[in-house]
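Chemist: To convert, note that position 12 of the sequence shown is 12 in the UniProt record's numbering; the numbers rise steadily by one, no gaps. Each residue gets a CB set at the ideal place from its N, CA and C atoms; glycine is no exception.
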Amino acid sequence: MLCQLLMKDCKDPSLSSKLDEIWKNAYDEGRFHLLDGILYHRDKSTCVRAFTDRTLINTILLECYPSVAAGHLSEGRTLERVKTCSWWHNWKKDVAVYF
């Protein structure tokens, strides 16, 4: 539904009222952008990150989790890695649970 709202030819303003409040607030603040069919999120620091489907979160966490061989076993390092490639609602909490 969010992608439909962001399409340039969307003529249905009632779609935004169907979003959950957390998504509606971010949409109203202009934090989401659709470019070449990919949904992006913009945070307060104006850094654009790809929005990530919930089904991909474990894959992203696995890829961003520092390996023992790399010697970077810290939650902070994992947070930084996730932050540079993706965004989803409550991502910091998910990283903490995964870590």
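What's the C-alpha gap between Leu-62 and Ser-16?
Modeler: In the sequence shown, the residue the question calls residue 62 occupies position 62. In the sequence shown, the residue the question calls residue 16 occupies position 16. Going by the C-alpha atoms only, they are around 33 Å apart.
Chemist: Hey, how far is the Cα of Ser-86 from the Cα of Cys-64?
Modeler: By 1-based counting over the sequence shown, the position of residue 86 is 86. By 1-based counting over the sequence shown, the position of residue 64 is 64. Answer to the nearest angstrom: the Cα atoms are 10 Å apart.
Chemist: Can you list, in chain order, the residues of its chain whose CB lies under 7 Å from that of Lys-24, leaving out five sequence neighbours each side?
Modeler: What you label residue 24 is simply residue 24 of the sequence shown in a count that begins at 1. Here the set comprises Ser-16.
Chemist: Tell me where the alpha helix (DSSP H) around Tyr-27 begins and ends.
Modeler: Walking along the sequence shown from the start, residue 27 turns up at place 27. First-last of the alpha helix (DSSP H) with Tyr-27: 21-28.
Chemist: Can you tell me whether Arg-81 is helix, strand or coil according to DSSP?
Modeler: Walking along the sequence shown from the start, residue 81 turns up at place 81. Arg-81: helix per DSSP, three-state reduction.
Chemist: DSSP beta-bridge partners for Arg-42?
Modeler: The residue you call residue 42 lines up with position 42 of the sequence shown. In the DSSP output, where bridge partners are listed per residue, Arg-42 has Val-48.
Chemist: Between Phe-99 and Glu-75, what straight-line distance do the alpha-carbon atoms span, to the nearest angstrom?
Modeler: Translated into the one-based positions of the sequence shown, residue 99 becomes position 99. Translated into the one-based positions of the sequence shown, residue 75 becomes position 75. Computed Cα separation, rounded: 6 Å.
Chemist: Only counting the same chain, and skipping five residues up and downstream in sequence, which positions put a Cβ closer than 7 Å to that of Ile-57?
Modeler: Your numbering for residue 57 matches position 57 in the sequence shown. Here the set comprises Trp-88, Asp-94.
Chemist: What's the gap between the Cα of Ile-38 and the Cα of Gly-30?
Modeler: Here residue 38 is taken as the residue at index 38 of the sequence shown, counted from 1. Here residue 30 is taken as the residue at index 30 of the sequence shown, counted from 1. C-alpha separation (whole angstroms): 16 Å.
Chemist: Which first and last residues belong to the alpha helix (DSSP H) in which Leu-15 is found?
Modeler: What you label residue 15 is simply residue 15 of the sequence shown in a count that begins at 1. Careful: Leu-15 lies outside any alpha helix (DSSP H) and carries neither H nor E.
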